[in-house]
Structure formats: structure tokens, C-alpha cells
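Here's the structure we're looking at; comments come further down.
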């Protein structure tokens with residue numbers, strides 16, 4: 107990939123060797139880890155999430171791991187809740203986010219609709235930690251990154267200085283930079299090819315990923331639509347910021 111230079115600066119060309127946050131592309135690593143755990147007989151995607159969530163509300167009693175994976179659980183998207191702009195810039199944990207959601211009514215009956223939800227994938231990360239007894243970061247490192255030799259990929263700690271870390275431009279009127287997400291991985295596109303080699307997930311697991319439900323869900327197709335530059339949040343899921351004035355124009 108490369109990026110267009112900022113017009114007010116000296117031209118700066120992006121390269122494939124830079125380290126960058128991938129934001130919601132992290133979800134595919136979360137889903138991969140869940141399916142690896144299924145192949146390891148540590149869980150099953152048909153399991154009810156009440157097995158893993160303490161004080162699980164009655165409204166969640168019919169929600170399965172599969173519902174979380176496919177954005178069909180009906181649990182409200184925490185990034186759409188009031189005051190999320192402030193909350194997402196404060197230190198937090200997956201457990202704290204789960205606690206925030208427990209008393210919220212469902213948006214719809216599980217399995218009846220699809221609505222893109224960050225909440226579901228925070229819950230999946232929470233389940234990964236419960237099942238493995240390890241942090242989300244360590245679980246992904248041991249289950250995915252190390253087996254595939256993805257040595258340039260990992261969990262993003264924004265305070266850690268990384269050589270070649272790429273960053274978008276921002277306006278000073280915002281009090282904090284965007285990017286303090288609970289889960290952020292930093293892979294490179296060339297590493298992702300290895301995920302399909304069978305070295306970490308077998309054919310049955312990939313059958314779960316490529317199952318027939320995806321092409322029937324209108325919401326999933328919407329993620330692939332090209333939208334006008336002035337209103338896009340991110341393109342091709344390689345996101346630099348939620349704010350249009352910070353977005354880099356990525357080409358391939």
C-alpha cells in the first residue's frame with residue numbers, strides 16, 4: 107500500500123514496512139482465535155455465552171458464540187451508546203465493557219437481524235481470556251502470531267515506541283487521539299496470506315468463516331461499498347482515524 111502526502115508538508119510516501127493499527131480488522135484475528143479454540147475442543151461456537159459471563163442477564167440466555175461472531179446477538183453496540191466519545195479515551199478492560207452492557211436491553215431478538223457490533227467482539231475477547239486463562243494479547247500471540255511467524259504483528263500499546271509506526275494527522279481541538287481501543291493488532295497485509303495456509307486453522311474452521319450466511323447478510327456487504335470521500339469512516343478497513351480530517355487515502 108501507499109498513501110498520498112499531506113499537501114502542506116513535504117511529500118511522504120507510505121511503505122509496506124511501516125507499522126500501523128488495523129482497528130476493526132482485529133476482529134478477524136479474534137474470530138480466528140475462537141475457531142482455533144473450537145478445534146482444540148476448548149469451546150464450541152454453539153455454546154451459550156452465559157457459560158462464560160458472570161451474572162449473565164436473562165436477556166442474554168439464548169445468545170451463542172456464533173451470534174457474537176456474526177453480529178446477530180442483538181447486544182447494543184457500545185460505541186453507539188451516549189458518551190462513548192469520552193469513554194473510549196479512558197483506560198478500560200473487556201470486563202468493564204461487559205459490565206457496561208449487562209443492564210442494556212437487546213436491540214433485537216438474537217439471530218433475527220444483523221447489526222455490526224463492537225460489543226460482540228469485546229465479548230469474544232472476554233471469552234478467549236476466560237477459556238485460555240491468558241490475556242487476549244498472549245492468546246493471540248501464542249495461537250496465531252508465533253505459529254505463523256508474524257513477528258511484526260502484535261497487540262498495540264499506544265505508549266510503546268515502535269520504529270516505523272505510522273500515524274494520521276489530527277486537529278488540536280480534540281483532547282485525545284483516536285486509537286485507545288481495547289484490542290488493536292498491527293499486522294501487515296502480506297502476513298494475512300499465511301492465515302489461509304492451514305497451519306493454524308483446519309478446513310472445518312475455515313468452513314465456519316466462509317459459511318453461506320455471509321453473502322446473505324446485507325449488512326456484511328455494506329462494509330465493501332465505496333462511499334464518498336467526505337463521509338467515509340474507513341476504507342478497506344485500514345483505518346487511521348474515525349474523523350475525516352485525519353483519514354489517509356490508501357491505495358493498493
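Numbering (our numbering), first residue to last: 107 to 358. In this text, a Cβ means the ideal position worked out from N, Cα and C, and glycines have one as well. Quantities reported herein were computed from a predicted structural model and do not represent experimental measurements.
Going by DSSP, residue 236 is part of the alpha helix (DSSP H) stretching over 224-238. By the Cβ criterion, the region 163-171 is not in contact with the region 257-266, since fewer than three pairs of Cβ atoms, one from each stretch, lie closer than 8 Å. Cβ-Cβ distances below 8 Å link residue 224 to 130, 183, 184 and 185 in the same chain, with the five nearest sequence neighbours on each side left out; the list follows chain order. With a cut-off of 8 Å on Cβ pairs, the region 223-241 is in contact with the region 146-161, counting three or more such pairs. Residue range 242-246 is occupied by the alpha helix (DSSP H) that includes residue 243. Residue pairing by DSSP places residue 271 opposite 125 in a beta bridge. A residue is called buried once 16 or more other Cβ atoms fall within 10 Å of its Cβ, and residue 135 is buried on that count. Spanning the alpha carbons of residue 217 and residue 244 requires a straight line of approximately 31 Å. In this structure, residue 125 lies near residue 272, with their beta-carbon atoms less than 8 Å apart. Rounded to the nearest angstrom, the gap between the Cα atoms of residue 176 and residue 198 is 24 Å. Our two residues, residue 174 and residue 203, have alpha carbons roughly 15 Å apart in a direct line.
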